[in-house]
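**Student:** Note that the UniProt record's numbering gives residue 77 to position 77 of the sequence shown, counting from 1, and the numbers run on in steps of one. For every residue, glycine included, the Cβ atom is placed at its ideal position computed from N, Cα and C.
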Amino acid sequence: MTRLLVTGGAGFIGSNFVHHVIDHTDHDVTVLDKLTYAGNRASLDGIPADRLSFVHGDITDVAVVDELVAQADAVVHYAAESHNDNSLHDPKPFLDTNIVGTYTLLEAARRHGTRYHHISTDEVYGDLELDDPARFTESTPYNPSSPYSSTKAGSDLLVRAWVRSFGVQATISNCSNNYGPYQHVEKFIPRQITNVVRGIRPKLYGAGENVRDWIHADDHSSAVLTILERGAIGETYLIGADGERNNKQVVEQILELMGQPRDAYDHVTDRAGHDLRYAIDSSKLRAELGWQPRYSDFDAGLAATIEWYRANEAWWTPAKDATEAFYASKGQ
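(1) In angstroms, rounded to a whole number, what distance separates the CA positions of Pro148 and His83?
(2) What does the alpha-carbon distance come out to for the pair Leu68 and Leu5?
(3) Please classify Phe94 as buried or exposed, where buried requires at least 16 other C-beta atoms within 10 Å of its C-beta.
(4) Tell whether a beta-carbon distance below 8 Å holds between Leu276 and Leu128.
(5) Do His27 and Val21 come within 8 Å of each other at the CB atom, strictly closer than that value?
(6) Spatial neighbours of Phe326 within its chain, please: CB distance less than 7 Å, with the 5 preceding and 5 following residues excluded, ordered by chain position.
(7) So, helix, strand or coil for Val31, using DSSP?
(8) Beta-carbon within less than 7 Å of Arg262's beta-carbon, same chain only, minus the 5 sequence neighbours each way: which residues are those?
(9) With a floor of 4 residues, list each alpha helix (DSSP H) that falls wholly inside the region 178-205, ordered by position along the chain.
(10) Among the residues of its own chain, which have a CB less than 6 Å from the CB of Gln183, if the five just before and after it don't count?
(11) For Tyr210, count neighbouring C-beta atoms within 10 Å of its own C-beta (all shown protein chains included) and say buried if the count is 16 or more, exposed if not.
(12) For the alpha helix (DSSP H) that contains Phe17, what are its first and last residues?
(13) Count Cβ pairs between the region 56-63 and the region 136-155 that sit closer than 8 Å; are there 3 or more?
(14) Could you spell out the range, first to last residue, of the alpha helix (DSSP H) harbouring Arg110?
(15) With a cut-off of 8 Å on the beta carbons, I'd call Ala279 and Arg164 a contact; round off their distance for me.
(16) Do Ser173 and Ala223 have their C-beta atoms closer together than 8 Å?
(17) Determine which residues share a DSSP beta bridge with Trp162 and list them.
(18) With DSSP collapsed to three states, give me the class of Asn174.
(19) Say whether the region 284-293 touches the region 231-244, bearing in mind that this needs 3 or more beta-carbon pairs closer than 8 Å, one atom from each stretch.
(20) How about Asp66 and Arg111: do their beta carbons lie closer than 8 Å?
(21) Should Ala80 and Gly8 be called a contact, given that it needs their Cβ atoms to be closer than 8 Å?
(22) Enumerate, from N- to C-terminal direction, the unbroken alpha helix (DSSP H) stretches of 4 or more residues contained entirely within the region 227-261.
(23) Is Leu130 close to chain D, meaning its C-beta is less than 8 Å from at least one C-beta of that chain?
(24) Helix, strand or coil, according to DSSP, for Trp316 in the structure here?
(25) For Asp266, which beta-bridge partners are listed by DSSP?
(26) For Ser53 and Ala10, which I take to be in contact (beta-carbon distance under 8 Å), what is that distance rounded to the nearest angstrom?
(27) Only counting the same chain, and skipping five residues up and downstream in sequence, which positions put a Cβ closer than 6 Å to that of Trp308?
(28) Can you tell me which of Pro91, Gly331, Phe298, Ala72 puts its alpha carbon nearest to the alpha carbon of Ala217?
(29) Give every residue of the same chain whose Cβ lies closer than 8 Å to the Cβ of Thr104, excluding the five residues on either side of it in the sequence, and list them in chain order.
(30) Name the residue from Gln71, Asp23, Gly231 whose alpha carbon lies nearest to the alpha carbon of Pro48.
(31) Alpha carbons only, please: which of Met1, Gly101, Asp321 is nearest the one belonging to Arg198?
Dropping the structure here:
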C-alpha cells in the first residue's frame with residue numbers, strides 16, 4: 001500500500017490515525033471529510049503537504065467517493081456520526097452517514113477491488129451489567145441501544161454482507177472508548193478537562209457508575225494499521241487496552257491530575273438509556289496479529305491527554321461555549 005483514503009480524517013480518531021500513519025509508515029494519505037462540527041482541518045496541521053491530500057466532501061456523494069477510491073490502494077473508513085446525545089436529539093444524520101455513507105464506500109470498493117477497513121464501536125454489543133465478569137468478544141450478539149449504535153451495527157452488517165456476497169476485501173474493528181488529542185469538547189474526557197482549565201466544575205452524569213473501557217487514540221491507530229496490513233479478510237477484531245473505569249473514577253482522576261480536590265464536580269441529569277458497562281476482550285487481535293497497546297497505564301495516558309488540552313487551548317476554544325450552552329439547555 002502506498003496511498004490510503006481515510007474518511008473522516010479530520011475528526012478525532014481519524015486525525016490521530018492520519019498522524020500515526022505519517023509518523024510510522026511511508027504511506028501517503030488522502031483525507032475525505034465533510035467538516036461537520038466534529039471535523040477540524042486544524043487537526044491535520046503539521047503534516048507535510050507532499051504526504052497529505054485533503055478533500056472536503058461527503059461520503060454519500062457517489063461521484064466524489066468513486067474517484068477517490070479508484071485512486072487508493074486501501075480505504076480506512078472512520079467517518080461517522082458518533083455522539084449518542086446527538087443521535088437521541090436527531091437520528092436522521094446517523095442514518096445518512098453511517099448507513100448510506102458506508103454503502104456508498106462499499107460499492108466503490110467493490111467496483112475497484114480496493115482493500116477496505118471499517119471502523120466500528122463496542123456499543124453495537126449493547127451493555128453489560130456492572131457486576132458481570134464477561135467482556136465483549138467477536139462472537140457477542142449485537143444488541144444496540146441508541147440510534148448511534150444501531151446505525152453502526154447496521155453498517156457493520158453491510159460490510160459483512162458485501163464480503164460474503166460480492167467478495168469485497170474488507171475487515172472490521174470494534175473499539176472501546178477512545179481518549180487523547182483532537183477530541184471534540186462535547187465528549188466526556190475533554191469536556192471535563194476543558195472545564196477545569198476554565199475554572200468550571202466538571203459534570204458527572206447521574207451517580208457516575210457507568211463503566212467504559214478506555215483506550216488511547218494512538219493505541220487504536222496502531223491496532224487499525226496492524227489489521228490493515230496483516231488482518232484476515234472477512235474477519236472482525238476487537239480493540240481494547242484493558243482500561244475499565246467508571247465515570248466517577250475518571251472525573252476524580254482528572255481533578256487530581258490537574259491539582260484539584262477529587263470531589264470538586266457536580267452531578268447532572270443522567271443521559272436517557274445510558275448504557276451501564278462496556279468491556280473489550282482483545283485477545284484475538286493480540287494473539288493472531290501480535291498487537292499490544294503502548295498506553296497500558298490509563299493514568300499515564302490521561303496525564304498526557306490533559307497536557308495536550310492545556311497546550312492547545314486555541315484548538316478547542318471555538319467549540320467550547322456552544323457545547324456548554326447546549327448541555328446547559330438540557331440540565332447537564
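**Tutor:** This is what the structure holds:
(1) Locating residue 148 in the sequence shown gives position 148, counting from the first residue. Locating residue 83 in the sequence shown gives position 83, counting from the first residue. Per the sequence shown, residue 148 should be read as Tyr rather than Pro. Going by the C-alpha atoms only, they are around 7 Å apart.
(2) Sequence index remark: in the sequence shown, residue 68 carries index 68 (1-based). Sequence index remark: in the sequence shown, residue 5 carries index 5 (1-based). The alpha-carbon atoms of Leu68 and Leu5 are separated by roughly 7 Å.
(3) Taking the sequence shown and counting its residues from 1, the one referred to as residue 94 is at position 94. Under this definition Phe94 is a buried residue.
(4) By one-based count along the sequence shown, residue 276 stands at place 276. By one-based count along the sequence shown, residue 128 stands at place 128. Contact annotation: Leu276 and Leu128 have beta-carbon atoms nearer than 8 Å.
(5) Your numbering for residue 21 matches position 21 in the sequence shown. Your numbering for residue 27 matches position 27 in the sequence shown. Contact check for Val21 against His27 passes: the beta carbons are separated by less than 8 Å.
(6) The residue labelled residue 326 in the question sits at position 326 within the sequence shown. So no residue of the chain qualifies.
(7) Residue mapping note: residue 31 aligns to position 31 of the sequence shown, counting from 1. The answer is strand: DSSP assigns Val31 an E or B state.
(8) Your numbering for residue 262 matches position 262 in the sequence shown. Correct list, in chain order: Glu252, Leu255, Glu256.
(9) The qualifying runs are 188-197.
(10) Against the sequence shown, residue 183 aligns to sequence position 183. For Gln183, where only same-chain residues beyond five positions count, the Cβ hits under 6 Å are Phe12, Pro190.
(11) Here residue 210 is taken as the residue at index 210 of the sequence shown, counted from 1. The question names Tyr, but residue 210 is Asn in the sequence shown. Per the 10 Å Cβ criterion, buried.
(12) Along the sequence shown, one-based indexing puts residue 17 at 17. Start and end: 12-24.
(13) Between the region 56-63 and the region 136-155, the count of C-beta pairs closer than 8 Å stays below three; the two stretches do not touch.
(14) On the sequence shown, position 110 is the one that residue 110 refers to. Where Arg110 is concerned, the enclosing alpha helix (DSSP H) stretches over 102-112.
(15) Along the sequence shown, one-based indexing puts residue 279 at 279. Along the sequence shown, one-based indexing puts residue 164 at 164. Incorrect: roughly 29 Å between the Cβ atoms, too far for contact.
(16) For this step, residue 173 is matched to residue 173 along the sequence shown. For this step, residue 223 is matched to residue 223 along the sequence shown. For Ser173 and Ala223, yes; Cβs fall inside 8 Å.
(17) For the purposes of this step, residue 162 is identified with residue 162 of the sequence shown, where counting begins at 1. Trp162 pairs with nothing; no bridge assigned.
(18) Position 174 of the sequence shown, counted from the start, is the residue given in the question as residue 174. Of the three classes helix, strand and coil, the one that applies to Asn174 here is strand, per DSSP.
(19) Cβ pair count under 8 Å is three or more, so yes.
(20) Taking the sequence shown and counting its residues from 1, the one referred to as residue 66 is at position 66. Taking the sequence shown and counting its residues from 1, the one referred to as residue 111 is at position 111. If you check the CB distance, Asp66 and Arg111 come in under 8 Å.
(21) The residue labelled residue 80 in the question sits at position 80 within the sequence shown. The residue labelled residue 8 in the question sits at position 8 within the sequence shown. Contact: yes.
(22) As far as the region 227-261 is concerned, its whole alpha helix (DSSP H) runs of at least 4 residues are 247-257.
(23) Among the chains in the structure shown there is no chain D, since it carries only a single protein chain.
(24) As a working mapping, residue 316 is identified with position 316 in the sequence shown. Helix.
(25) Counting from one through the sequence shown, the residue named residue 266 turns up at place 266. In the DSSP output, where bridge partners are listed per residue, Asp266 has Lys203.
(26) Within the sequence shown, the letter at position 53 stands for residue 53. Within the sequence shown, the letter at position 10 stands for residue 10. Taking 8 Å as the upper bound for CB-CB distance, Ser53 and Ala10 are not in contact here, some 12 Å apart.
(27) Locating residue 308 in the sequence shown gives position 308, counting from the first residue. Beyond the five residues adjoining it in sequence on each side, Trp308 comes within less than 6 Å, by CB distance, of Pro181 in the same chain, given in chain order.
(28) The residue you call residue 217 lines up with position 217 of the sequence shown. Proximity to Ala217 across Pro91, Gly331, Phe298, Ala72 peaks at Phe298, based on C-alpha coordinates.
(29) What you label residue 104 is simply residue 104 of the sequence shown in a count that begins at 1. Ile59, Thr60, Asp61, Val62, Val65.
(30) Stepping through the sequence shown from its first residue, residue 48 is reached at position 48. For the residues Gln71, Asp23, Gly231, the minimum Cα distance to Pro48 belongs to Asp23.
(31) The residue labelled residue 198 in the question sits at position 198 within the sequence shown. That would be Asp321, whose Cα lies nearest to the Cα of Arg198.
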